[in-house]
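K.L.:
Dropping the structure in here first, questions after.
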């Protein structure tokens, strides 16, 4: 890890640790504007976007480090979707990145612009909504809409975060053509999903280890019991594998194996989210389900993120599609996708 990346990772961890130290009962589940403004001031909301494009600089690895740090504590902010998807799309298209929270939406190419869109993450808190649709040639058309002209009906996902219904005026969707491949956005979805789940798994593991070493039964910590040790080891395996899958895909960014690695990572992370959450709750007992305990903040997001942009079956199908193209040499593809 480079010194710059290590410094950014440490700084992000310190910011989010200080936020989480307030205690689960005092932290909002749906949105924390003060935290978002602090991250904006630090430049964390545009890490991974070049300075020339209006961002804070840094690469994909740096931006995913911020995402994982936010996920580690279950912070209710859209740093993953605003920076790594919406802002990235605008930067890749050479368009100006507006200030404030960015939401995004992918619509079918034949969708009528007057049709309301469901499940827009943090839609009510966004200043602009980036709308993408596939066009001829498997590239994206983009529109950037001022959210103030839209009608928003508040909703929430399983984690309690905003997931809103947005209706766009007919004149607001002024699409422009880009050269961004649809496949590039799909791979972006995959690696962001894996990074978010990886951070959540690390957070659930840390919480489980702390609880197991502090909670005593029959005069000794429950971490001394073989059954609890087995559950901790299994949970650690899920977290470690998701972390390695994320880092492997990052290392292959922009290589011919990038899409294979990102789809593979996303498939594993989505599959691991459910059983890992169950293990964490088994270790904590009933206390982990309460609003006062930080574990619930993490596992609710695990349940939500395992199929935000597709579940493990969909990612596996995309991986299979990549491997089964006529010009793919299967062994070479598998070998290069395992990392440099």
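Residue numbers (the numbering used here): 68 to 407. Where a beta carbon is used, it is the ideal one built from N, C-alpha and C, also for glycine. These figures come from a predicted structure and were not determined experimentally.
1. Mapping the DSSP letters down to three states, classify residue 132 as helix, strand or coil.
2. Could you name the residues of the same chain whose beta carbon sits closer than 6 Å to that of residue 178, not counting the 5 residues immediately before and after it, in chain order?
3. Would you identify the three-state DSSP class for residue 195, choosing helix, strand or coil?
4. Based on the DSSP output, what are the partners of residue 211 in its beta bridges?
5. Indicate whether residue 145 and residue 191 have their beta-carbon atoms separated by less than 9 Å.
6. Within its chain, find whatever has a CB closer than 7 Å to the CB of residue 124; leave out the 5 residues flanking it on each side and keep chain order.
7. Select from 339, 390, 367, 388 the residue whose C-alpha is nearest the C-alpha of residue 379.
8. Does the distance from the CB of residue 73 to the CB of residue 266 come in under 9 Å?
9. Do the region 331 to 346 and the region 79 to 89 make contact, defined as three or more Cβ pairs closer than 8 Å?
10. Output yes or no for whether 9 Å exceeds the beta carbon distance between residue 274 and residue 143.
11. Could you spell out where the beta strand (DSSP E) holding residue 232 opens and where it closes?
12. Would you report the Cα separation of residue 341 and residue 369, rounded to the nearest angstrom?
13. What residues in its chain sit with their C-beta under 7 Å from that of residue 95, if we drop five residues either side in the sequence?
14. Could you tell me whether the region 151 to 168 touches the region 269 to 285, using the rule of 3 or more Cβ pairs below 8 Å?
15. Is it buried or exposed, residue 294, if we count other Cβ atoms within 10 angstroms and call 16 or more buried?
16. Cα separation between residue 98 and residue 189?
17. If you pair each beta-carbon of the region 99 to 115 with each one of the region 207 to 226, do three or more pairs fall below 8 Å?
P.N.:
Short version:
1. In the chain shown, residue 132 corresponds to position 65, counting from 1. Correct three-state label for residue 132: helix.
2. The count along the chain shown starts at 1 and reaches residue 178 at position 111. Any answer about residue 178 is weak, because its pLDDT of 48 lies below 50 and its placement is not dependable; what the coordinates show is given next. Counting only Cβ-Cβ distances below 6 Å, and skipping sequence neighbours, we find nothing.
3. The count along the chain shown starts at 1 and reaches residue 195 at position 128. If DSSP states are grouped into helix, strand and coil, residue 195 belongs with the strands.
4. As a working mapping, residue 211 is identified with position 144 in the chain shown. Answer is 197.
5. Numbered from 1 along the chain shown, position 78 holds the residue referred to as residue 145. Numbered from 1 along the chain shown, position 124 holds the residue referred to as residue 191. Cβ atoms of residue 145 and residue 191: not closer than 9 Å.
6. As a working mapping, residue 124 is identified with position 57 in the chain shown. 117, 118.
7. Reading the chain shown from its first residue, position 312 is the one you call residue 379. Closest by alpha carbon: 339.
8. Counting from 1 along the chain shown, the entry for residue 73 is found at position 6. Counting from 1 along the chain shown, the entry for residue 266 is found at position 199. Not a contact, by the Cβ cut-off of 9 Å.
9. no
10. Counting from 1 along the chain shown, the entry for residue 274 is found at position 207. Counting from 1 along the chain shown, the entry for residue 143 is found at position 76. It is not a contact, given that the beta carbons lie outside the stated cut-off.
11. Sequence index remark: in the chain shown, residue 232 carries index 165 (1-based). Residues 230 to 234.
12. Walking along the chain shown from the start, residue 341 turns up at place 274. Walking along the chain shown from the start, residue 369 turns up at place 302. If you take the alpha carbons of residue 341 and residue 369, they lie about 7 Å apart.
13. Stepping through the chain shown from its first residue, residue 95 is reached at position 28. Counting only Cβ-Cβ distances below 7 Å, and skipping sequence neighbours, we find 143.
14. no
15. In the chain shown, counting from the first residue as 1, residue 294 sits at position 227. By the neighbour-count rule (16 or more Cβ atoms within 10 Å), residue 294 is not buried but exposed.
16. One-based indexing of the chain shown puts residue 98 at position 31. One-based indexing of the chain shown puts residue 189 at position 122. Going from the Cα of residue 98 to the Cα of residue 189 covers about 8 Å.
17. no
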